[in-house]
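S.K.: What follows is a structure written as C-alpha cells; I'll ask about it next.
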Amino acid sequence: MIMALSRRMKRIEVFIHISTAYTNTNRAVIDEVLYPPPADINEVHQHVKNGVTEEETEKILNGRPNTYTFTKALTEHLVAENQAYMPTIIVRPSIVGAIKDDPIRGWLSNWYGATGLTVFTAKGLNRVIHGHPNHIVDLIPVDYVANLVIVAGAKTYHSNEVSIYNCCSSSCNPITMKRLVGLFIDDAVKHKSYVMPLPGWYVYSNYRWLVFLITLIFQVIPAFLGDIGRRLLGKSPRYYKLQNLVAQTQEAVHFFTSHTWEIKSKRTRELFSSLSLTDQRMFPCDANRIGWTDYITDYSSGVYIEKLLHSCKKIDKIYLLVREKKKVDINKRIVHMLDNPFFTRLKRTDPECLKKLVPISGDIRLPKLGLKPEDEQTLIDNVSVVYHGAATVKFDEPLSVAMNINFEGTKKLLELSQRMKNIEMFVYISTAFTHTHKKVLVETIYPPPAKLEDVYKFIEEYGDDEQATLKFMNGQPNTYTFTKALSEAYLSKHHGNVPAVIIRPSIVCATSKEPLRGWLENWYGGTPFIMNISKGWLRIARGDYKNGLDLVPVDYTTNLSIIAAAKAKRTKDVLVFNSTTTADNPLSWSDIKNNFSKEIVRHGKNDLPYPDVLFVQSRTALVIATFFMQTIPAHVLDLWLKMTGKEPKYVKILHQVIQLRDAYDYFTINSWVMRSDRTRELHSSLSAEDREEFQCDPTQINWSEYLKDYSRGVLKYLKPRAM
C-alpha cells in the first residue's frame with residue numbers, strides 16, 4: 047500500500063525501505079546485494095489463505111529463524127520492483143541498540159534483541175547462553191541507522207538497480223558475545239545494579255539440552271526457592287516471574303546467539319567516506335567509529351615539551367597537533383595541560399617561553415591528519431624536527447582500529463614530513479615490546495610480523511574477529527605491539543630523504559628527577575598492576591620472582607628522544623635506540639616488594655594487610671589459587687559487610703583486579719633482555735654538562751631511591767582509581 051501511494055507522489059525522489067541484516071541467515075557472509083527470495087510470494091499468499099499449522103510454517107520458512115526475517119526477505123524483492131518507478135534504497139540494520147551520540151547517549155525504548163539477554167545475564171538472572179563466547183554480536187546504535195537512512199536518501203543517484211546498505215559492525219568493528227556481556231557485567235557491578243549474587247558467573251553451551259539442564263538447576267529451582275522464602279517473609283513472589291521473562295528472551299534470541307555471521311558493509315562505509323568532514327561529524331554511520339577509545343598522546347609528550355622549553359632555549363616554536371575533544375577547543379586543552387604541576391618549574395623560571403607553544407588542530411585518524419590547508423602549509427614551511435608519539439595503547443583494540451591510528455597515522459605524518467622544507471629528523475616513539483618472540487632484543491630493525499597487503503586482506507576477509515586476529519598476528523601478544531612493529535618496518539623502508547630514529551621505551555613510569563621527582567599523570571603502563579599488589583588486592587599472578595621487570599623513567603625516555611634527534615648520525619638507515627633497563631640495570635619483582643610496596647605500607651595506604659603476590663606458572667594453578675585465596679575471602683567479606691549494614695565492595699574490586707591481571711598476563715609470564723648499547727654510547731658521547739642535563743643511561747638509576755619516589759608520586763599526583 048505504501049509503495050502504491052509512493053508511485054502516485056508527484057515529487058517523489060527516493061523510496062527507502064528499512065529491512066533487517068538477518069533476511070538471509072542461511073549464508074555465513076551477507077553482502078550488500080539482493081539475494082534470491084526464500085519462497086514464491088504467490089505461493090506464500092495461497093498457504094496463508096488456506097491456513098497453515100506451526101509444522102507447515104516451519105517448512106515454508108525454508109531455514110529462516112522466524113516469520114519476521116522470512117517476510118522481510120520477501121518484502122525486499124517486492125520493494126526492488128519499485129526501481130522501475132523511482133530510485134529505491136534498502137537499509138539493513140543488524141541488532142539495533144541504544145543511541146551512541148545524539149540526542150541522548152545510551153537511550154533506548156525497549157528490551158528487544160540482545161539488550162534483554164545481556165541485561166538479564168549482567169544482573170545474575172541468566173546463567174547460561176546458547177552459543178559460543180567468540181560468536182560476533184552485530185550491534186549497531188539506532189542513531190547510526192537513522193543517520194545512514196538520511197545520508198543514503200540524500201546522496202542516492204538514479205540507477206537501474208536497487209541500492210542496498212548494510213548498517214552493521216561485524217565486518218569492520220566486531221564485538222564478541224563474551225566481550226559484550228562482560229561490559230554489561232562490569233557496569234552492573236560498578237553501579238550495584240545486579241539482582242542475584244555472583245553476576246559474573248555464567249557459561250556458554252552449544253547444546254540445547256545442556257542449556258535447559260543448567261537453566262533448571264541454576265535458575266528455575268533457585269527462583270522457586272527464592273519465592274518460597276519471600277512468601278514466608280510475607281512478601282510478594284517475583285523470581286519465577288522474572289525467570290519466565292528470561293526464558294522468553296532466551297527462546298527469542300537463541301538462533302542468533304548460537305550462530306555467527308559476517309555482514310559486509312563496504313558500500314555503507316564508502317558512502318560515509320564520500321561525505322565532507324562536517325557531514326561525517328553530523329551524520330556518523332561508519333561502524334568503525336563505534337567504541338573507539340580516544341587515541342592517547344602519551345604523557346611522555348608533556349614531559350618532552352617541558353624539557354625542550356627548559357633546556358633547549360634556541361627553539362623558536364613548538365607546534366602541537368591537538369585534537370578537539372568533547373567540544374573543548376585546542377587552546378583550552380593547551381591551557382588545561384599547562385595547569386599541570388609538571389609545568390611549575392617553567393612558570394617560575396621562564397614563563398615567557400610558554401608563548402612558543404603553537405597548537406594546531408588535527409587528528410591522526412583523519413585523511414591528511416585533519417589539517418586545514420593553511421595549518422598544513424605552516425608546518426611544511428617551519429618544522430625541522432617531528433616527534434611522533436600519538437597512538438592507541440589499548441591492548442585489545444580491534445586490528446582495523448589499531449592499524450588506522452598506529453600505522454596509518456604514522457604513514458600520514460611521515461608523508462607530511464617528506465614535504466617539509468627544513469626537515470632534519472623524524473623521531474618515532476615505538477615500544478620495546480614490538481618483537482617479543484625474541485628473548486634478547488637489540489637496537490636493530492627486525493622483519494615485520496606480516497606483509498601490509500596481507501594485513502589489509504585479512505581485515506577485509508575477517509574483520510576484527512578476535513581469535514582469527516590472534517592467529518594472524520604470528521606470536522604478537524596484541525594489536526598494539528603488532529601495529530607498532532609494522533610501523534617500524536614501514537618507516538625504515540619508506541623514510542626517503544627524511545633522517546629518522548626510532549625510540550623504543552619499555553614500561554614508561556614516573557619521572558626520576560625532572561622536573562619533579564616521582565611525577566606521573568595517569569594510570570597507564572605498569573602502575574595499576576604494581577599498585578594492586580602493593581595495596582594488597584592482588585595475591586596471585588602468573589610469572590616468576592626472578593623475571594626482570596623493565597621499567598624506565600619517563601624523563602629518561604624524553605632525554606633520549608631529544609639527544610637522538612640532535613646528535614644521532616644522519617645515515618641512510620633508521621637508527622634504533624632502546625630506552626630500557628633489563629640488560630644493564632635489571633629490576634626484579636623482589637625489588638618492587640622491598641621498596642615500592644613497603645613505601646605504600648609505611649604511609650598506611652595499603653587497603654589489605656600484608657600485601658604480597660604469589661607467582662605461579664600454570665593457568666590451572668592460577669585459577670585454583672585465585673578461587674581459594676581471593677574469590678572466597680572476597681565473598682565472605684562482602685557477606686560480613688551486608689550483615690553489618692554496609693555496602694559490599696570486595697567482589698566488585700576483585701573483578702577489576704583480575705581483569706587487569708589477565709591483561710598483563712603475557713608480560714608477567716615472560717621475561718626479556720633488552721639491550722641499550724647504542725643509547726649508552728650516545729649518552730657517553732655528550733659533554734659532561736649535557737650528560738647531566740640529559741640523563742638517559744639506565745645504569746645511573748638507583749632503583750631503591752627511584753621506587754620510593756615512584757610510590758610517593760602515585761600517592762601525591764594521581765587521583766585514587768575507582769575500585
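Residue numbers (the numbering used here): 47 to 769. Each residue gets a CB set at the ideal place from its N, CA and C atoms; glycine is no exception.
At 3 residues or longer, and completely inside the region 557-594: list those beta strand (DSSP E) runs for me, N to C.
M.R.: The region 557-594 contains these whole beta strand (DSSP E) runs: 586-588.
S.K.: To the nearest whole angstrom, what separates the beta carbons of residue 36 and residue 726, a pair I think is in contact under 8 Å?
M.R.: Look at the range of the chain in this structure, 47 to 769, and you will see that residue 36 is not part of it.
S.K.: Starting from residue 10, follow the alpha helix (DSSP H) in both directions and report where the run begins and ends.
M.R.: It is not possible to answer for residue 10, since the shown part of the chain is limited to 47 through 769.
S.K.: Are the CB atoms of residue 757 and residue 640 nearer to each other than 9 Å?
M.R.: Their beta carbons are not under 9 Å apart, which means residue 757 does not touch residue 640 by this criterion.
S.K.: Hey, is residue 242's beta-carbon within less than 9 Å of any beta-carbon in chain C?
M.R.: In summary, chain C is missing from the structure at hand, where a single protein chain is found.
S.K.: Got a sec? Which residues, its chain only, sit under 8 Å from residue 124 by beta carbon, not counting five neighbours each side?
M.R.: Once the five neighbours on either side are set aside, the close Cβ partners of residue 124 are 49, 87.
S.K.: Suppose contacts are defined by Cβ-Cβ distances below 9 Å. Is residue 491 in contact with residue 619 by that definition?
M.R.: Yes, the Cβ-Cβ distance between residue 491 and residue 619 is below 9 Å.
S.K.: Quick check on this structure: which residue in 656, 524, 575 has the alpha carbon closest to the alpha carbon of residue 707?
M.R.: The option with the nearest alpha carbon to residue 707 is 575.
S.K.: Where do the N-terminal and C-terminal ends of the alpha helix (DSSP H) with residue 300 fall, by residue?
M.R.: 285-303 is the span of the alpha helix (DSSP H), which, as asked, contains residue 300.
S.K.: Under 8 Å by Cβ, that's how I've got residue 664 and residue 552 pegged, so tell me the actual separation to the nearest angstrom.
M.R.: 26 Å between Cβ atoms; not a contact.
S.K.: Which two residues bound the contiguous alpha helix (DSSP H) that contains residue 57?
M.R.: First-last for residue 57: undefined, no H or E at that position.
S.K.: Reducing DSSP to helix, strand and coil, say where residue 403 ends up.
M.R.: Residue 403 falls in the strand class under three-state DSSP.
S.K.: Could you give the C-beta distance for residue 594 and residue 717, rounded to a whole number, given that I count them as a contact under 8 Å?
M.R.: Between residue 717 and residue 594 the Cβ distance is about 5 Å, and since that is below 8 Å, they are a contact.
S.K.: Between which two residues does the alpha helix (DSSP H) harbouring residue 661 extend?
M.R.: Note, residue 661: premise wrong, no alpha helix (DSSP H); beta strand (DSSP E) at 660-662.
S.K.: From residue 713 to residue 523, what distance separates their C-alpha atoms?
M.R.: Rounded to whole angstroms, residue 713 to residue 523 spans 9 Å at the Cα level.
S.K.: Apart from the five residues just before and just after residue 52, which ones in its own chain have a Cβ nearer than 6 Å to its Cβ?
M.R.: Only 58, 61 meet the Cβ criterion.
S.K.: For residue 96, which three-state DSSP category applies?
M.R.: Here residue 96 sits in helix by DSSP.
S.K.: Where residue 473 and residue 538 are concerned, what is the direct C-alpha to C-alpha distance, given to the nearest angstrom?
M.R.: C-alpha separation (whole angstroms): 12 Å.
S.K.: Could you pull out every residue in the same chain whose Cβ sits closer than 6 Å to the Cβ of residue 745, ignoring the five residues on either side in sequence?
M.R.: The answer, listed in chain order, is 630, 631.
S.K.: Please determine, among 185, 457, 610, the residue with the shortest C-alpha to C-alpha distance to residue 540.
M.R.: Looking at the Cα atoms, 457 is the closest of the given residues.
S.K.: Could you give the C-beta distance for residue 176 and residue 300, rounded to a whole number, given that I count them as a contact under 8 Å?
M.R.: With 8 Å as the limit, residue 176 and residue 300 qualify as a contact, their Cβ atoms being about 4 Å apart.
S.K.: Within 10 angstroms of the Cβ of residue 512, are there 16 or more other Cβ atoms? Answer buried if so, exposed if not.
M.R.: So residue 512 counts as buried.
S.K.: Please return the same chain residues whose Cβ sits closer than 8 Å to the Cβ of residue 357, not counting the five positions on each side in sequence.
M.R.: Around residue 357: 608, 739, 740.
S.K.: For residue 599, write down the residues that DSSP places opposite it in a beta bridge.
M.R.: Beta-bridge pairing links residue 599 to 555.
S.K.: Residue 85 and residue 108: beta carbons closer than 9 Å?
M.R.: Yes. Within cutoff.
S.K.: How big is the Cα-Cα spacing for residue 389 and residue 622?
M.R.: About 30 Å.
S.K.: Quick one: give me the first and last residue of the beta strand (DSSP E) that residue 471 is part of.
M.R.: Per DSSP, residue 471 belongs to the beta strand (DSSP E) from 471-475.
S.K.: Taking DSSP's pairing of strands, which residues face residue 681 in a bridge?
M.R.: Paired residues: none, contrary to the question.
S.K.: Output needed for residue 196: all residues of its chain with C-beta closer than 8 Å, excluding positions within five of it in sequence on either side, in chain order.
M.R.: Cβ within range, chain order: 329.
S.K.: Could you pull the DSSP bridge partners for residue 625 from this structure?
M.R.: According to DSSP, residue 625 bridges with 551.
S.K.: Quick check on the DSSP output: what are the complete alpha helix (DSSP H) runs of length 4 or more inside the region 429-502, in order along the chain?
M.R.: For the region 429-502, whole alpha helix (DSSP H) runs of length 4 or above, ordered along the chain, are 445-448, 455-463.
S.K.: Do residue 441 and residue 709 have their C-beta atoms closer together than 9 Å?
M.R.: Going by C-beta atoms, residue 441 is nearer than 9 Å to residue 709.
S.K.: From what residue to what residue does the beta strand (DSSP E) around residue 367 run?
M.R.: Per DSSP, residue 367 belongs to the beta strand (DSSP E) from 364-368.
S.K.: Pick from 398, 276, 557, 529: whose alpha carbon is nearest that of residue 601?
M.R.: Cα-wise, what sits closest to residue 601 is 557.
S.K.: Whole angstroms are fine: how far does the CA of residue 588 sit from the CA of residue 545?
M.R.: The straight-line gap from Cα to Cα measures roughly 42 Å.
S.K.: Quick check: what's the CA-CA separation for residue 638 versus residue 645?
M.R.: Their backbone Cα atoms lie some 10 Å apart in a straight line.
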